[in-house]
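Just below is one structure, and these are the notes that go with it.
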Amino acid sequence: MMFAEMYFFIITCVSILLVLIVMPSVIHIAQKNQLFDDHSLSRKDHGCGIPRLGGIAFFISSILTSLFVIKPSAGLPMYQLYAASIILFGVGIKDDLSGVHFHTKLIVQAVVAFIITALGDIRINNLCGVFYVDQLNYIPSILISMLLIMFIINAFNLIDGIDGLAGTLAVIAYCTFGYNFMLIHQIVFAALAFIIAGSAGAFLYYNFSPAKIFMGDAGSMFLGMICAVFAIKFIAVKEASAVSIIQNAPVLAVAVLIVPAFDTLNVIAVRLYNKKSPFKPDRNHIHHRMLLLGLTHLQTTLILGAVTLFFIGLALLLQTANTSFMLLLFTAILLLLNAVVNGLVRVKIRSAYPATS
């Protein structure tokens, strides 16, 4: 075990080092060519142009490090993952530089999800009793897995709204997956998780407020895609593993992704309720509402990171509980927290703009 821990430490350090080497050049090139974030948009929180190409550095770091340490036949369909990553990263870069219509992004995401599920055979085979469903047939398995991958890709894309938030949640997710893969002796999965955790962690050095660079759509969609892959594989390999240290893999996977997942579902519901397109950007995200309360980017990021850790802890504490019960408990807690934030925002607005008689 000591050798494995040293191995993970070394590859994490390598991925960190690569980002620290590549990122200054990315920032310099972006600034020189004025490849800035469009800060004229009303939903932006920065007053000056900031490059959106930070995803380039940790994408390069993640791919290069994995090429050197993970063999294509080592338990993951690496060729399919590389192909899916490059396709998604390419459309993300195009979006960061000149914009891409959301229809185009959805089509590309569907293609990527198909490559991963149908060609890479990374898919959900069992719903573990959720909605009283266990084993899935092939076609429903592919369709549900594709929808899940597309959902998590967009969830990470949407949560990337303030300095450090998406990167912090990604580091928590990848470290959690990496550690738990290590516990169930899935060394290849653990290695890839720690590689990306190191890359995303190094990126945070440049992304914490005041941000020098954003990860952009290319970075956030890449992180979301690999997180979706890990969530699916974690549930699958845990079900097939004889190791009993982790009792309820689906609940832990949900806990890891709970903040971006709930925020995405919430903003979609709000937009539909207001008869707006679910794809039209606004400032109804949880991080935007927390900023309205007077919190800084760093404070908001730390609070949402702590919320994620709370749910991970709750999932580990109640491992033997029924999966459906845990998902209902998570939902109830999230709805309560969301109601508290909304209530505080309303109080803040009323105090700032008191009614006049």
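Numbering of the sequence shown is given in the working numbering, commencing with residue 2 and proceeding in unit increments. Think of the CB as a built atom: it goes at the ideal place given N, C-alpha and C, for glycine as much as any other residue.
Restricting attention to alpha helix (DSSP H) runs no shorter than 4 residues, the segment 102 to 178 encloses them at 103 to 115, 139 to 160, ordered along the chain.
Annotated as proximal: residue 288 and residue 163, with beta-carbon spacing under 7 Å.
Within the segment 204 to 243, the complete alpha helix (DSSP H) segments at least 4 residues long are 217 to 241, listed from N- to C-terminus. Residue range 298 to 318 is occupied by the alpha helix (DSSP H) that includes residue 300. Each of 142, 314, 33, 21 was checked against the Cα of residue 177, and the nearest Cα belongs to 314. Straight through space, the alpha carbons of residue 343 and residue 355 are spaced by roughly 18 Å. In this model, residue 86 and residue 349 are separated by some 43 Å (Cα to Cα). Leaving aside the five residues that flank residue 16 on each side, the residues in its chain whose CB is nearer than 6 Å to its CB run, in chain order, 62, 66, 196, 199, 200. By the neighbour-count criterion, in which a residue is buried when 16 or more other Cβ atoms sit within 10 angstroms of its Cβ, residue 161 is buried. One Cα belongs to residue 183, the other to residue 9, and the distance between them is close to 10 Å.
Counting C-beta atoms within 10 angstroms of its own C-beta, residue 110 has 16 or more neighbours from the protein chains shown and is therefore classed as buried.
The residues 118, 119, 124, in chain order, have a CB closer than 7 Å to that of residue 143 in the same chain once the five nearest residues on each side in sequence are set aside.
Going by DSSP, residue 344 is part of the alpha helix (DSSP H) stretching over 324 to 353. In this chain, the alpha helix (DSSP H) harbouring residue 56 covers 56 to 70.
Two segments are said to touch when three or more pairs of C-beta atoms, one from each, lie closer than 8 Å; by this definition the segment 301 to 318 touches the segment 256 to 270.
Per DSSP, reduced to three states, the secondary structure at residue 37 is strand. Burial is judged here by how many other beta carbons sit within 10 angstroms of a residue's own beta carbon; residue 26 has fewer than 16 and is exposed. Taking a cut-off of 8 Å for Cβ pairs, the segment 319 to 333 and the segment 128 to 135 touch, as three or more such pairs fall below it.
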